[in-house]
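Here is the structure we will look at.
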Amino acid sequence: MVTRAQTNGNGAWAERYRDKWKWDKVTWGSHSVDCYPGGCPYRVYVRDGKIMREEQSGSFDVVQAGVPDMNPMGCQKGACWGYQHYGPDRVTQPLKRVGERGEGKFEPVSWDVALKDIADAMLDAAVDQGPESIITLMTPEPGAAPSRAFMGVLGSPLTDGNAEFQDWSPGYYLTWGKFNPVSSMDDWFLAELTLIWHCNPVYTNIHWFHYVNESRYNGGEVITIAPDYSPSSIHSDHHVPVRIGTDAALALSMCKVVIDEGLYKKKFIQEQTDLPMLVRKDTGHFLRGNEVNAGDREDQFFWLDSKSRQVVPAPRGTLAMGDVDPALEGTYKARLVDGSEVEVQPVFERLRESLKDYDPEEAAKVCEVSADMIRMIARKAAVKRTKIFSGWNSGKYYHGDLMERSMALLLALTGNWGKQGTGTRSWAISGLDGLAFLTSKGKPGQDAAREFQRQTLAMRRLLSQEDPTMTMEMVLNRAQEMGAGRMAGFGGMIPPAFLWYHQFGYKERWNREDWSDPTMKRSFDEYYQEAMDKGWWDNHMAKVWKDVEPRVLVEAGGNVLRRHRGGQVMLLKHLWPKLKMIVSIDFRINTTGLHSDYILPAAQHYEKLGNSMPSVHHLNFVLIDKAVDPPGEAKSDRQIGHMLVKALEQRAQERGIKEIKNHAGQTIPLQGAYDRMTLNGFLKDDETEFDEAIKDTAAYGIIPEGNSLETLREKGHVRWTAWGIAGFGLAQASTIEPDKTHNPFRWHTEDKVPYPTLTRRAQFYIDHDWFIEGGEALPVHKENPHHGGNRAFRLTSGHPRWSIHSMNMTNNIILNTHRGEPFIFINPDEAARRGIENGEEVRLTSDAGSMLITTKLSASVRPGQIILYNGFEPYQHREWYAQGDVEPGMVKWLHLAAGYGHLKYRPWHWQPVPVDRGVGVDIEKLPATAKAG
Amino acid sequence: MATNGKKATAGHQVAWVFDLNKCIGCQTCSVACKVLWNEGDEGSEHMWWMTVNTQPGKGTPKDWESMGGGYSNGELQLGKLPTAEEFGGGWDYNYDEVLHGGKGRSVHLQKIAGSKTWGPNWDEDEGGGEWPNAYFFYLPRLCNHCTDASCLEACPVGALVKREEDGLVLRNEDVCEGNQLCAAACPYKKIYFNAPRGVSQQCIGCFPRIEKGVAPACVRQCPGRAAFVGFIDDETSLVHRLVNQWKVAVPLHPEYGTKPNVFYVPPLAPAPLNPDGSANENADRIPPQYLESLFGKDVHGALANLKAELAKKRRGEASEVMDALILYEWKDALGPFSKDPAELVWK
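Residue numbers (the working numbering), protein chains in the order written: chain A, 1 to 933; chain B, 934 to 1280.
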């Protein structure tokens, strides 16, 4: 096609450009970051031993005929990731603090000096306060995980990632017993109606938002529900400007329309949900087996068979209804074990009663959305394959659980999950087995892996002996709960809310009545005490923190002083003085690094072997190859992990510390971990270890047999064939098919496999005492509390376009694509009333704190709203106070509830998680003199 | 007028189509371009040959639409020469002072080079209209590689050429004397000045890639799958069909008279809201006259064609146009330039 008949591009100038686009090496690459889905396959181009640039490989095949391919998956951050390898914040030598913490005075030291110092501090802490006092934070960079290997020596805890960065969906969890059912990104093409709701995917899902636009071109409709005319609204058919924090009312009103107009899918809710389950009118609790039949299970529930008019037990082992036609409406009598009779009603009957308050005309006043609009969306959702494109915005509202439960209810009533083109989304990973079990399998080789898998599955089957109706998903959850309990004293994940309460100064904050929900019947501390007294969180170190003071803090690949809701003040005032050693393991100096005692230099993403986020969104194992050596003294995370383990073992030996004791009374020997984690030396280097992990992953059936590091270096990525048994894959509850988009829940909807909830159904009625007391047994709307103060504005936020968390925020190329400094969005009329100009620096204040930031004016912003997309480094702000410093970091009291069905902790799941949306703030023009800085 | 009086001519013509209903303003095209051609070279700090701006907006250079250039009644127009301040950006920061200066909170990250008042995407997501009927969309812009390139005619030293084989407008930087008449003549203001080198520079159409059958970075790296490239004179190409056959893509500011070779599928928008909050499906959120001010009168026909095709799909009928824009196989967007660059081996 291209002819060279008459080339005008001759000459030295043209050759200079041609030479600029030449390289001497290409490798596969991606980014080991916690974005969604992440794992974009890239090609990394190297010249003269340096990263020259990267470009998406564009190498995905079409999965399902008639559905667009996933190419060229990537974004602007990925397109200049290599640039950051050589950025001014790069760390290439171990740095030791020589000034005050936060002053930023460091001197380079050798690894030996750094490791000895850190190992000694850890041993001192373990001996003095116990290994619990060595706190490691789960961070949003999965590639950093291997540097935390020392936890395996000391049995020290890791804080749960979903509490650290709040990407959690409590309402979905309450409903389904899992929060992470998510379809593959190509499945979004098949939606007939996409409700972008509590998400701004034009910013946050750059790599696959095209499927939404393409579904529209395919005849689908797109509606964005957001307080502001968000960037995701622009490609929608409708924008629904909901008042901040009233989404539950909006969803419930739609539910009422669907029910009142008889549009609901009766069989779907009878079979898939608890809506036909009977509730006692006198107590508000479900009618339970042990109340009806002596010796029956407490977790046996009942429905009313419309044919026989009998109260019959709903099967626990299947969703299939058999010959029963469960009643959804009416009031009935049930005979209890003592012969007395009580009135019972299906949940649906109670729901109809509860929805009386949500007539569209009434909801319109609450949500500031017209009744017409509410009816229009409800009617569309009732007849179209509908997806709710949600993110982690809803879960970050104080009553986000109610919003999500209401949104899930809309999907239930309209039968919109468990088939292609339907459902919702959250965070979902799987496919980790090869790496997760690498050392647990005990011996090298894939036979050992297969044997380990056999044994693990056999052990898990034992767990269901007591209750044979348990599904594999429930068994895995149970194993993870037990694992977490046992591991809590042994290098496992813990829910950190209890640590924060005692040691980070949150007792006072969470008890502030004016920041809390006015519908709370008792003080936060009364609930806290009850949760402790009942031992609901005992397996997860909740009680340890009363006595154990943190002594060492390790942050690998994260930036807690930027991230922490509640702000730096809480950390620097309450936690920092207790810490004898603060370590940042990172490839860059961030705000946390500047406040650390040591910064250990980690390899950047193209300088080490790794794999991307194993995301269900794309279902691929994506290789990140080592394109170049790390500069200076920087090491791969795995190497850093191993070096620290060796240093610990060596210093323990030299100091004669044979073992330590934790607060669970366990004795932890300090030798042997290094041999265990290298399979006695077999896993001698990064290449061997990664090759073994890939081969094991194939042995576990997650990717086809025959795959290895070598084959991945050829093709870069390979699609999963199964979920494995380690991750959260089973929660997807659908079989991966080679020629179909993935849509979760199909084992439930097609095979009638029960859900992992108390009632074994998608559960909309939570009869935990606290939920009944709080009026939240059913999803309802509650006003956003005045956390941060009753002020003129509500602060909303979201993941930014410009950065994965704070990782790219100070990249000069990225800075040049926006204002190049932190900013908030505000409505022009609001600004004008205060004499504030576009670009002016202002002070943003809540009861919790204040920060300085510049303004951007846009009519897209709702009056009374301030938008601050997160991720700016505190050091980008004058005075270094940032977003977290105006956010009180409240947790909802009901999330301390446990001891009930699926309301219990396992890693990444049910726990108190701080909220940060809808914080009350004021904006203040700065006095003229203050502007100079 | 000190120009060379030479008119551009070409045989084949590479053209771009950007679908503004798929563009999400993510800046991957502009970052890809920056990293490939303008990163780390002296004098190129402020250069973004590819930019994406929010419309309505002042864009980059600031208020470029009012600066003039192009042709009026066939006469070459020398418009305003944009200043470095108007282009904006070119920032560098006091990284060293903040990260290594040991000054703690007394200093924070600040710009120490470049414009204090503007940047290549300064008015991102500000847009127009009034709440709740605000509106905006994203407009990616690069050199239009115009059929009647006014820059070429304006250049007194003949540094600019339009290539026969692909119609790219390229500059012989060894001949360019940096007098910037080209930039004054360019009505799109996409020509930058490299002060230390004393030469002007603009998008080179990724000609080294085009020559190897690889699509330009802005197209091949577009994750929104909003960009198409091909020969507009090839009647089987997608770009030809979108522009000339299906008539759903139109040029930007056709009245500038340079016959640009970058085309845009114009933006749809959500139905505006009535005062009572209900949707007004019969009105336009983006004022049609605003779109006309950008894309000329043909924009109305293009939008009508697009809506008609969309309606077919919503009725369950087939639409060749929608299927083309859906882009079932991404490589179709790359036209004859679908070679995988990773397969190239340099001798």
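No residue lacks a Cβ here, since even glycine has one placed at the ideal position from N, Cα and C.
The ligand FAD heavy atom lying under 7 Å from the CB of residue i
{"i": "A:Ala-698", "result": "In terms of ligand content, the structure shown is empty, and the ligand FAD therefore cannot be addressed."}
Closer than 7 Å at the beta carbon, the chain A residues around residue i
{"i": "B:Asp-1029", "result": "Pro-88"}
{"i": "B:Pro-1154", "result": "Checking the sequence shown, residue 1154 of chain B turns out to be Gln, not Pro. Correct list: Glu-55, Gln-56, Pro-72, Gly-74, Ala-79."}
{"i": "B:Gly-1035", "result": "Gly-99, Glu-103, Gly-104, Lys-105"}
Bridge-paired residues (DSSP) for residue i
{"i": "A:His-717", "result": "A:Val-622"}
{"i": "A:Glu-555", "result": "A:Leu-137, A:Ser-584"}
{"i": "A:Ile-668", "result": "A:Ile-660"}
{"i": "B:Leu-1103", "result": "B:Val-1094"}
{"i": "A:Ser-797", "result": "A:Leu-868"}
{"i": "A:His-239", "result": "A:Thr-224"}
{"i": "A:Leu-852", "result": "A:Arg-843"}
Beta-carbon neighbours of residue i, restricted to chain A and to distances below 9 Å
{"i": "B:Ser-1357", "result": "As displayed, chain B neither begins before 934 nor continues past 1280, which places residue 1357 of chain B out of reach and without an answer."}
Residue i vs residue j beta-carbon contact at 8 Å
{"i": "A:Pro-346", "j": "A:Leu-304", "result": "yes"}
{"i": "A:Ala-944", "j": "A:Pro-94", "result": "There is no way to answer for residue 944 of chain A, as the model of chain A reaches only from 1 to 933."}
{"i": "B:Ala-1309", "j": "B:Cys-1084", "result": "Because residue 1309 of chain B is not part of the residues shown, which for chain B are 934 to 1280, the question remains open."}
{"i": "A:Gly-557", "j": "A:Val-622", "result": "no"}
{"i": "B:Leu-1206", "j": "B:Val-1195", "result": "no"}
{"i": "A:His-502", "j": "A:Trp-545", "result": "yes"}
{"i": "A:Trp-81", "j": "A:His-605", "result": "yes"}
{"i": "B:Val-950", "j": "B:Leu-1267", "result": "no"}
{"i": "B:Arg-1142", "j": "B:Pro-1274", "result": "yes"}
{"i": "A:Ala-364", "j": "A:Thr-414", "result": "no"}
{"i": "B:Cys-1079", "j": "A:Gln-76", "result": "no"}
{"i": "A:Ala-191", "j": "A:Gly-220", "result": "yes"}
{"i": "B:Tyr-1028", "j": "B:Lys-1044", "result": "no"}
{"i": "A:Gly-920", "j": "A:Gly-789", "result": "yes"}
{"i": "A:Ile-853", "j": "A:Ile-824", "result": "yes"}
{"i": "A:Arg-760", "j": "A:Arg-280", "result": "no"}
{"i": "A:Val-225", "j": "A:Val-242", "result": "Rather than Val, the amino acid found at residue 225 of chain A in this sequence is Ile. Closer than 8 Å, so yes."}
{"i": "A:Asp-186", "j": "A:Pro-37", "result": "no"}
{"i": "B:Ser-963", "j": "B:Thr-984", "result": "yes"}
{"i": "B:Ser-1048", "j": "B:Gly-1023", "result": "yes"}
{"i": "B:Lys-1122", "j": "B:Pro-1220", "result": "no"}
{"i": "B:Pro-1193", "j": "B:Phe-1228", "result": "no"}
Contacts that residue i makes with chain A (C-beta to C-beta distance below 8 Å)
{"i": "B:Leu-1288", "result": "Since the first and last residues shown for chain B are 934 and 1280, residue 1288 of chain B lies out of range."}
{"i": "B:Glu-1063", "result": "Ala-859"}
{"i": "B:Asp-1025", "result": "Asn-812"}
{"i": "B:Gly-1022", "result": "Asn-816, Gly-820"}
Partner residues on chain B for residue i, Cβ-Cβ distance less than 9 Å
{"i": "A:Phe-209", "result": "Lys-955, Ile-957, Cys-959, Pro-1156, Gly-1157"}
Cross-chain neighbours of residue i in chain B, by beta carbon under 8 Å
{"i": "A:Lys-20", "result": "Leu-969, Trp-970, Pro-1141"}
{"i": "A:Ile-206", "result": "Ile-957, Cys-959, Thr-961, Pro-1156, Gly-1157"}
Chain-ordered chain B contacts of residue i [CB-CB under 7 Å]
{"i": "A:Lys-856", "result": "Glu-1059"}
{"i": "A:Glu-214", "result": "Ile-1259"}
{"i": "A:His-239", "result": "Pro-1203"}
**OP:** With 8 Å as the limit, tell me which residues of the stretch 953–985 of chain B have their beta carbon closer than that to any beta carbon of chain A; keep them in chain order.
**Re:** Asn-954, Lys-955, Ile-957, Gly-958, Cys-959, Gln-960, Thr-961, Ser-963, Val-964, Ala-965, Lys-967, Val-968, Leu-969, Trp-970, Glu-972, Trp-981
Original post:
Would you call the stretch 1236–1249 of chain B and the stretch 383–403 of chain A touching, i.e. three or more CB-CB distances under 8 Å?
Top reply: no
Original post:
Between the stretch 430–444 of chain A and the stretch 953–963 of chain B, are three or more C-beta pairs nearer than 8 Å?
Top reply: no
**OP:** Identify each residue in the stretch 1103–1114 of chain B for which the Cβ-Cβ distance to at least one residue of chain A is less than 7 Å, and report them in chain order.
**Re:** Leu-1103, Asn-1105, Glu-1106, Asp-1107
**OP:** Name, going along the chain, the residues of the stretch 92–124 of chain A whose beta-carbon falls closer than 7 Å to a beta-carbon of chain B.
**Re:** Gly-99, Gly-102, Glu-103, Gly-104, Lys-105
Subject >> Three-pair Cβ contact test at 8 Å for the stretch 716–731 of chain A versus the stretch 607–627 of chain A >> reply: yes
Original post:
Between the stretch 217–235 of chain A and chain B, which residues of the former have a C-beta closer than 7 Å to a C-beta of the latter?
Top reply: Tyr-217, Asn-218, Gly-219, Tyr-229, Pro-231, Ser-233, Ile-234, His-235
Original post:
Between the stretch 739–749 of chain A and the stretch 409–427 of chain A, do at least 3 Cβ pairs fall closer than 8 Å?
Top reply: yes
Original post:
Do three or more CB pairs link the stretch 181–199 of chain A to the stretch 379–394 of chain A at distances below 8 Å?
Top reply: yes
Subject >> Stretch pair the stretch 658–675 of chain A + the stretch 142–156 of chain A: three plus CB contacts closer than 8 Å >> reply: yes
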